[in-house]
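Read in order, the letters of the sequence shown correspond to residues 45 to 163 in this note's numbering. Down below is the structure, laid out as structure tokens.
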Amino acid sequence: MKTLTVYHYAKCGTCRKAIKWLNEHGHELKLIPIVDEPPTADELKVMIEQSGLELKKWFNTSGEVYKEMSLKDKLPSMSIEEQIKLLSSNGKLIKRPVVTDGKQVTVGFRENEYEAHWA
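So this is what it looks like as structure tokens:
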């Protein structure tokens, strides 16, 4: 199995479940604390494209920072570049965990999606 890079938050239960699942399926993991070391805007651009997800799916909409910044109202008027820059500026804004092998990317943890990508 190849090494997967996992952007995670240690206190996040979803991240812990995802890491446990990946470990149980024999993956080597490079764990990166997303709050301390969020991906750069350039890294995000590549990963967003590889994920095939809409940009809005990358935002942690249930997080405190998202709510405090009233992003639900602000994002629609922001450019894609501005949104990506915002994500890269604060790891708590990014939905997690983000898992990548350099070619494909998943965001969040849904077991059926992990089965399709990482089993």
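Just so you know, even glycine gets a beta-carbon here, dropped at the ideal spot from N, CA and C. Bear in mind the structure is a predicted one, so any value in this text is a computation, not a measurement.
Q: Spell out a yes or no on whether the region 110-130 and the region 48-61 are touching, meaning 3 or more CB-CB pairs, one atom from each, closer than 8 Å.
A: no
Q. Buried or exposed: where does V109 fall if 16 or more other Cβ atoms within 10 Å of its Cβ makes it buried?
A. For the purposes of this step, residue 109 is identified with residue 65 of the sequence shown, where counting begins at 1. Its Cβ having fewer than 16 others within 10 Å, V109 is exposed.
Q) How should N67 be labelled, buried or exposed, when 16 other C-beta atoms within 10 angstroms of its C-beta is the threshold for buried? A) Counted from its first residue, the sequence shown places residue 67 at position 23. Answer is exposed; the Cβ neighbour count stays below 16.
Q. Just the Cα atoms here: how many angstroms apart are I128 and P141?
A. For the purposes of this step, residue 128 is taken as residue 84 along the sequence shown, with counting starting at 1. For the purposes of this step, residue 141 is taken as residue 97 along the sequence shown, with counting starting at 1. Rounded to whole angstroms, I128 to P141 spans 17 Å at the Cα level.
**Q.** According to DSSP, residues forming a beta bridge with H52
**A.** Mapped onto the sequence shown, residue 52 falls at position 8. According to DSSP, H52 bridges with P77.
Q) So what does V142 bridge to, in DSSP terms? A) By one-based count along the sequence shown, residue 142 stands at place 98. Beta-bridge pairing links V142 to Y51, V151.
Q.
Here's a check: name, in chain order, each residue in its chain whose Cβ is nearer than 7 Å to the Cβ of E157, leaving out the five neighbours to either side.
A. The residue you call residue 157 lines up with position 113 of the sequence shown. Contacts found: T150.
Q.
According to DSSP, is E125 part of a helix, a strand, or is it coil?
A. Looking up residue 125 in the sequence shown gives position 81. Residue state, collapsed to three classes: helix.
Q) For the putative contact between P82 and S132, defined by C-beta atoms under 8 Å, what is the C-beta separation to the nearest angstrom? A) If you number the sequence shown from 1, residue 82 lands on position 38. If you number the sequence shown from 1, residue 132 lands on position 88. That pair is a contact at about 6 Å.
Q | DSSP bridge partner residues for E72 (one or two, in chain order) | A | For the purposes of this step, residue 72 is identified with residue 28 of the sequence shown, where counting begins at 1. For E72, which the question treats as bridged, DSSP gives the partners T47.
Q | Inter-residue Cα distance where the pair is H161 and K147 | A | Residue mapping note: residue 161 aligns to position 117 of the sequence shown, counting from 1. Residue mapping note: residue 147 aligns to position 103 of the sequence shown, counting from 1. Between H161 and K147, the C-alpha separation is close to 11 Å.
Q. Which residues in the same chain have their Cβ closer than 7 Å to the Cβ of A85, if we skip the five residues on either side of it in sequence?
A. Indexing the sequence shown from 1 puts residue 85 at position 41. Excluding residues within five positions, the ones whose Cβ falls inside 7 Å are I128, K129, S132.
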